[in-house]
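See below for the structure under consideration.
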Amino acid sequence: MKKWGLIVIVTALFGWAVYDFVYEGESQEPVAEGEKMVAEGPATEEVDIGLEKGQQAPDFTLQTLGGEEVSLSDYRGEKVMINFWATWCPPCRAEMPDMQKFSENEDIKVLAVNLTETEASEQGVQSFVDEFGLTFPILLDKDVSVANQYEVNPVPTSIFVNEEGKISSVMLGAMNYDMMVQRMEEM
Numbered sequence: 001m002k003k004w005g006l007i008v009i010v011t012a013l014f015g016w017a018v019y020d021f022v023y024e025g026e027s028q029e030p031v032a033e034g035e036k037m038v039a040e041g042p043a044t045e046e047v048d049i050g051l052e053k054g055q056q057a058p059d060f061t062l063q064t065l066g067g068e069e070v071s072l073s074d075y076r077g078e079k080v081m082i083n084f085w086a087t088w089c090p091p092c093r094a095e096m097p098d099m100q101k102f103s104e105n106e107d108i109k110v111l112a113v114n115l116t117e118t119e120a121s122e123q124g125v126q127s128f129v130d131e132f133g134l135t136f137p138i139l140l141d142k143d144v145s146v147a148n149q150y151e152v153n154p155v156p157t158s159i160f161v162n163e164e165g166k167i168s169s170v171m172l173g174a175m176n177y178d179m180m181v182q183r184m185e186e187m
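Positions 1 to 187 (UniProt numbering) are the ones given, in order, by the sequence shown.
So, in structure tokens, the structure goes:
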């Protein structure tokens, strides 16, 4: 008998808790049609920054070979291909003619981030640029902090960023012109 009494009490308490939870929301005043609910307090939009597709690409600022400062955020509103490379890297050398041709496409900007800390000299980077006739911005990552931020391994690595600054795709290894165009069109 005591067992049944305890079961009835527990069931009643449980039922009361469910009733209270379900009907608590209905006691609030309904919002009239056309009215909007507004949250009070400062508006904060949390940005999902990361290295995965759909995440906001981490911003960075580097100097070009000519000494000009360039930030990824300078290109917001445009499609961007960030290419991490080095002069001593055979696949990087192989993809440079195609990258130059690709950079002439008005629908995308190419930012070539050189891993300068791994180079013999900045003059060697300039000689490489002259040899291949490169006209897109060559950014010098002198302490490879940006390459580390982007977890670059191997070189070359290319990251495609859409107009909103979000990562569209990441390509490890060398790319040819057709692959670059395909990645751009998928953005």
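Even glycine gets a Cβ: it sits at the ideal position worked out from N, Cα and C.
The model shown is predicted, which means the values in this text are computed figures rather than measured ones.
With 16 other CB atoms within 10 Å as the buried threshold, where does residue i fall?
i: E186; result: exposed
i: V110; result: buried
i: L62; result: buried
i: A94; result: exposed
i: L139; result: buried
Quick check: residue i and residue j, are their CB atoms within less than 9 Å of each other?
i: I159; j: I49; result: no
i: F84; j: T157; result: yes
i: F128; j: V181; result: no
i: L72; j: V144; result: no
i: N114; j: T87; result: yes
i: Q56; j: V70; result: no
i: E163; j: G77; result: yes
i: P91; j: V146; result: no
Would DSSP call residue i helix, strand or coil?
i: V155; result: coil
i: G25; result: For G25, the predicted model reports a pLDDT of 45, less than 50, meaning its position is unreliable and no value from the coordinates is stated.
i: V47; result: coil
i: M184; result: helix
i: M171; result: strand
Sort the options by Cα distance to residue i and report the nearest one.
i: G133; options: V181, P97, L51; result: P97
i: G66; options: P137, P91, E52, T87; result: P137
i: S121; options: A112, I108, D141, D107; result: D141
i: P58; options: K166, N176, Y177, A174; result: K166
- Taking only runs of the alpha helix (DSSP H) that begin and end inside the segment 57-144, which ones reach a length of at least 4 residues, in chain order? 90-103, 122-132
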